[in-house]
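Q: Could you have a look at this structure, given as structure tokens, before my questions?
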Amino acid sequence: MRSLTILTLPLMLLLMVGALIWSLSRVAMDAAVEEKTDPNLPDLFATHGVLMRYDEMGSKRSELIASEVTHIPTQDTMLFTQPKLIQTEPGKPTITVVGVRGKSILKASQVWFYDETTLRRAPFGEQAELIVHGRDIRIDQGTQQAHSDAPVVADMGPHHAEAVGFVADNVAQTLVLKSQVKMTYVPTARIALVGSAPRQ
Amino acid sequence: ETADREKPMNITADNCSLDQKTQQSVCVGNVVVTQGTLVLRADKLTTRQDEKGNQFAQGEGRPVRFKQKLDTGEMLDAESLRFDYDGGKGLMTLIDKAWVKRNQDMVVGDTITYDMNTEYYQAQSKTGGRVNITLMPKKKEASK
Chain A
1 MRSLTILTLP LMLLLMVGAL IWSLSRVAMD AAVEEKTDPN LPDLFATHGV LMRYDEMGSK
61 RSELIASEVT HIPTQDTMLF TQPKLIQTEP GKPTITVVGV RGKSILKASQ VWFYDETTLR
121 RAPFGEQAEL IVHGRDIRID QGTQQAHSDA PVVADMGPHH AEAVGFVADN VAQTLVLKSQ
181 VKMTYVPTAR IALVGSAPRQ
Chain B
1001 ETADREKPMN ITADNCSLDQ KTQQSVCVGN VVVTQGTLVL RADKLTTRQD EKGNQFAQGE
1061 GRPVRFKQKL DTGEMLDAES LRFDYDGGKG LMTLIDKAWV KRNQDMVVGD TITYDMNTEY
1121 YQAQSKTGGR VNITLMPKKK EASK
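Chains as they are written, first to last, in our numbering: chain A, 1 to 200; chain B, 1001 to 1144.
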């Protein structure tokens, strides 16, 4: 009986050690896998980030610069500190948005600028530069629209407007001021906008 | 005043939409326009600007109210259901149930055109209608 025990003891020991190693590796793997797959935790953190988007023809469509960039897998979410978005589309005025905090999802197809934000649309044709001071602005790259429900102040040459809430459409080149609107038109603005045309 | 047209035009309203391409804006709800001594209240206002920077406006209200101080210092009051303003020519046309009151004188008609350059106004009625003008005689100054 003793010899049988002696014979089987190492085997038993081997089995026990093997079982121990197997279970440890299972636990370790589970832990690692769990850590890697949590999509709500950042998987990238960068300082002084520059993100550029190009269209199919290879021309740059938008550039986003930020002092800090955090990426979270869920919805391909990016969080930005001091973001600056420059949107350039052929044949359209360049739009620059500077903010305090920003977020983008789904390959920056939707961008949010939280807190104080300034949107500038470059002079274009006869139109003077449009400057919009607002906050909590959302930009939809697909529809090329910027929205906000917060107070906003807009200036274009000598014209001035204030409101609560706006929708700016870069394709249709329209600006809807949603409520509590105050506007000032300066009659001979057109000459002022285009430069000093000789006075008749 | 005749100089009002050169002054900035201030507009307040419930909401507005601006079209950059056509330089046209449409404002709706509690619209108040002030330009110099001119004050205009309407429900809806559409404004446009031409290449020279002249302002054009159309509007409607229940009614549209219009008030302006004349160069003589007198106040001119007017009302109508619709109006059309041509800043280039300086003509304000009041349309539908229009009346204009200047001191005690009053003109009532279907359409009244007011020339802001000359401060003259012309009243018309629809066919079959009548224009009604009331002129208050000026009091003679007491003989010395």
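Beta carbons: idealized from backbone N, C-alpha and C, even for Gly.
Measuring alpha carbon to alpha carbon, tell me which residue in B:Asp1019, B:Val1031 and B:Asp1004 is nearest Val181 of chain A.
A: Out of B:Asp1019, B:Val1031 and B:Asp1004, B:Val1031 has the C-alpha closest to the C-alpha of Val181 of chain A.
Q: Suppose you measure from the CA of Gln1049 of chain B to the CA of His160 of chain A; what does that come to, to the nearest Å?
A: Looking at the two C-alpha atoms, the distance is approximately 15 Å.
Q: In the DSSP assignment, the beta strand (DSSP E) including Ser109 of chain A goes from what residue to what residue?
A: First-last for Ser109 of chain A: undefined, no H or E at that position.
Q: Using a Cβ-Cβ distance cut-off of 8 Å, determine whether Val152 of chain A contacts chain B.
A: By this cut-off, Val152 of chain A is not an interface position.
Q: Using a Cβ-Cβ cut-off of 7 Å (strictly less than) and excluding sequence neighbours within five positions of Val67 of chain A, which residues of its own chain qualify?
A: The sequence shown places Ser at residue 67 of chain A, not Val. Contacts found: Thr47, His48, Thr81 and Gln82.
Q: In the DSSP assignment, find the unbroken beta strand (DSSP E) run with Ser59 of chain A in it and report its ends.
A: Looking at the DSSP string, Ser59 of chain A is not in any beta strand (DSSP E), and its letter there is neither H nor E.
Q: Distance, Cα to Cα, Leu44 of chain A vs Gly102 of chain A?
A: So the alpha carbons of these two residues sit roughly 16 Å apart.
Q: Using a beta-carbon distance cut-off of less than 7 Å, what residues from the stretch 1016-1044 of chain B approach chain A?
A: Hits within the stretch, in order: Cys1016, Ser1017, Leu1018, Asp1019, Gln1020, Lys1021 and Cys1027.
Q: Excluding five sequence neighbours on each side, which residues of the same chain lie with their C-beta closer than 7 Å to the C-beta of Asp1110 of chain B?
A: Asp1096, Ala1098, Gln1124, Ser1125, Lys1126 and Gly1129, listed in sequence order.
Q: For Glu129 of chain A, which of helix, strand or coil comes out of DSSP?
A: Coil at Glu129 of chain A, not helix or strand.
Q: Taking 8 Å as the CB-CB cut-off, is Leu1091 of chain B touching chain A?
A: Taking Cβ atoms only, chain A never reaches closer than 8 Å to Leu1091 of chain B, which makes this a no.
Q: How about Arg121 of chain A and Ile137 of chain A: are their beta carbons less than 8 Å apart?
A: Going by C-beta atoms, Arg121 of chain A is not nearer than 8 Å to Ile137 of chain A.
Q: If you reduce the DSSP assignment to three classes, tell me which class Met1136 of chain B lands in.
A: Note: Met1136 of chain B maps to coil in three-state DSSP.
Q: Looking at C-alpha atoms only, which residue of A:Asp140, A:Gly58 and A:Leu119 is the closest neighbour of Pro90 of chain A?
A: Cα-wise, what sits closest to Pro90 of chain A is A:Gly58.
Q: Evaluate the contact criterion for the stretch 161-173 of chain A versus the stretch 1011-1025 of chain B: three or more CB pairs, one atom per stretch, below 8 Å.
A: Contact between the stretch 161-173 of chain A and the stretch 1011-1025 of chain B is present, because at least three Cβ pairs lie under 8 Å.
Q: Could you check the C-alpha separation between Asp1043 of chain B and Asp1105 of chain B for me, to the nearest Å?
A: Computed Cα separation, rounded: 27 Å.
Q: Which parts of the stretch 1020-1064 of chain B are runs of the beta strand (DSSP E), unbroken and 3 residues or longer, counting only runs that do not cross its ends?
A: The qualifying runs are 1024-1035 and 1038-1049.
Q: Residues of the stretch 145-179 of chain A with a CB closer than 7 Å to any CB of chain B: list them in chain order, please.
A: Cβ contacts with chain B: Gln173, Thr174, Leu175, Val176, Leu177, Lys178 and Ser179.
Q: Assuming Val1131 of chain B is part of the beta strand (DSSP E), what are its boundary residues?
A: From DSSP, Val1131 of chain B is part of no beta strand (DSSP E); its letter is neither H nor E.
Q: If you compare alpha carbons, which of A:Ala154, A:Pro123, A:Val167 and A:Glu126 is closest to Thr143 of chain A?
A: Among A:Ala154, A:Pro123, A:Val167 and A:Glu126, the Cα nearest to that of Thr143 of chain A belongs to A:Val167.
Q: How big is the Cα-Cα spacing for Val132 of chain A and Val1033 of chain B?
A: Approximately 23 Å between the Cα atoms of the pair.
Q: Verify the CB distance criterion: does Lys182 of chain A have a CB-CB separation below 8 Å to chain B?
A: Closer than 8 Å to some Cβ of chain B, the Cβ of Lys182 of chain A qualifies, so yes.
Q: From Asn1103 of chain B to Val176 of chain A, what does the alpha carbon distance come to, in whole angstroms?
A: Computed Cα separation, rounded: 40 Å.
Q: Would you say Thr1002 of chain B reaches chain A, if we count a Cβ-Cβ gap shorter than 8 Å as a contact?
A: For Thr1002 of chain B, the answer is no, since every Cβ of chain A falls outside 8 Å of its Cβ.
Q: For Thr1012 of chain B, report the span of its beta strand (DSSP E) as first-last.
A: Residues Met1009 to Ala1013.
Q: Going along the chain, which residues of its own chain have a beta-carbon closer than 8 Å to the beta-carbon of Met1136 of chain B, five neighbours each way excluded?
A: Correct list, in chain order: Asn1103, Gln1104 and Asp1105.
Q: For the putative contact between Leu1040 of chain B and Phe1066 of chain B, defined by C-beta atoms under 8 Å, what is the C-beta separation to the nearest angstrom?
A: Right, their Cβ atoms sit about 5 Å apart.
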